[in-house]
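Heads up: the structure comes next, in structure tokens.
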Amino acid sequence: DCAGSARRPTAALGINQGMPRTTETIEIAARAARVFEVIATPERWSEGYLETRLRSPDYPRPDSRNDHVYRTRIRENVAARVISCEPPRLLEEAQRGRTFSRRVRYRLEPAGEGTRLTVEDEISFLGLAVLAAPLAVRDVRARWQRSLERLRESAERR
Numbered sequence: 056d057c058a059g060s061a062r063r064p065t066a067a068l069g070i071n072q073g074m075p076r077t078t079e080t081i082e083i084a085a086r087a088a089r090v091f092e093v094i095a096t097p098e099r100w101s102e103g104y105l106e107t108r109l110r111s112p113d114y115p116r117p118d119s120r121n122d123h124v125y126r127t128r129i130r131e132n133v134a135a136r137v138i139s140c141e142p143p144r145l146l147e148e149a150q151r152g153r154t155f156s157r158r159v160r161y162r163l164e165p166a167g168e169g170t171r172l173t174v175e176d177e178i179s180f181l182g183l184a185v186l187a188a189p190l191a192v193r194d195v196r197a198r199w200q201r202s203l204e205r206l207r208e209s210a211e212r213r
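So the sequence shown is numbered by the working numbering: it starts at 56 and just counts up by one.
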């Protein structure tokens, strides 16, 4: 449970305004609580997630951490902090690596017998990665599509 969500201004997280936004939606034949449980274990479904470096025992409560190694064009250490959490409806994180910073929002809502999951990813590229931003945005979208398919498979599997 992560009640007691705290909202923080985007600027306070070191994330730039005016960044590209990717939005993906998927329907999953599982209850929202099950989908939320899978979202909270990204090593099971997130393409590019290589290993957990540090996960707070109370993750995904607000201000908890899930620092990990993520594969972009390089292996990079990513600091991830929960901004807001309202299970099983919302999880929002700020993430920062060497080549990017992002704010990821997972919204869950009922859809018939299952759950509709919408992911919003506001990403900003840092340093020389800015030069590759147009290609990187395409990669991000494709990665989300594949990751959400894996998330669906994991949530629907019992």
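Think of the CB as a built atom: it goes at the ideal place given N, C-alpha and C, for glycine as much as any other residue. Note that the structure is predicted; figures quoted are calculated from it, not measured.
Original post:
Based on Cα-Cα distance, which residue from Glu102, Ile129, Glu211 and Ala135 lies nearest to His123?
Top reply: Checking every option, the nearest Cα to that of His123 belongs to Ala135.
Subject >> Leu146 to Val159 span [Cα, whole Å] >> reply: Rounded to whole angstroms, Leu146 to Val159 spans 8 Å at the Cα level.
Original post:
Helix, strand or coil for Arg213 per DSSP?
Top reply: In the structure shown, Arg213 falls within a coil segment according to DSSP collapsed to helix, strand and coil.
Subject >> 7 Å Cβ cutoff met for Gly152 and Glu131 >> reply: The criterion of a C-beta distance shorter than 7 Å is satisfied by Gly152 and Glu131.
Original post:
Relative to the alpha-carbon of Ala188, which residue among Ser119, Pro97 and Arg128 has its alpha-carbon at the smallest distance?
Top reply: Looking from the CA of Ala188, the closest CA among Ser119, Pro97 and Arg128 belongs to Arg128.
Original post:
When DSSP labels each residue in this structure, what does Arg62 get in the three-state scheme?
Top reply: Here Arg62 scores only 41 on pLDDT, less than 50, and its place in the model should not be relied on; the value that follows carries that caveat. DSSP, read as helix, strand or coil, puts Arg62 in coil.
Original post:
Three-state secondary structure (DSSP) at Gly182?
Top reply: Helix.
Subject >> Reduced DSSP category for Pro97 - H, G, I as helix; E, B as strand; rest coil >> reply: Reduced to three states, the DSSP call for Pro97 is helix.
Subject >> Backbone CA spacing between Arg86 and Pro165 [nearest angstrom] >> reply: Taking the CA atoms as reference points, Arg86 sits about 8 Å from Pro165.
Original post:
Does the distance from the C-beta atom of Ala84 to that of Glu208 stay below 7 Å?
Top reply: Taking C-beta atoms as the reference points, Ala84 and Glu208 fail to come closer than 7 Å.
Subject >> Those residues which DSSP pairs with Asp122 across a bridge >> reply: Answer by DSSP bridge pairing, in chain order: Leu109.
Subject >> Cβ-Cβ separation, Leu163 to Val90 (assumed contact under 8 Å), whole Å >> reply: The C-beta separation of Val90 from Leu163 comes to about 6 Å, placing the pair in contact by the 8 Å criterion.
Subject >> Nearest candidate by alpha-carbon position, reference Pro115, set Thr80, Ser179, Glu148 and Val195 >> reply: When only C-alpha atoms are compared, the closest one is Glu148.
Original post:
Which one of Pro142, Tyr125, Gly167 and Thr173 has the shortest CA to CA distance from Ser156?
Top reply: The shortest C-alpha separation from Ser156 is found at Tyr125.
**OP:** Ignore the nearest five residues each way along the sequence and tell me which others in Arg196's own chain have a CB closer than 7 Å to its CB.
**Re:** Cβ neighbours of Arg196 beyond the five flanking positions: Thr77.
Original post:
Excluding sequence positions up to five away, which residues of its chain have a Cβ less than 6 Å from the Cβ of Ser111?
Top reply: Beyond the five residues adjoining it in sequence on each side, Ser111 comes within less than 6 Å, by CB distance, of Ser119 and Arg120 in the same chain, given in chain order.
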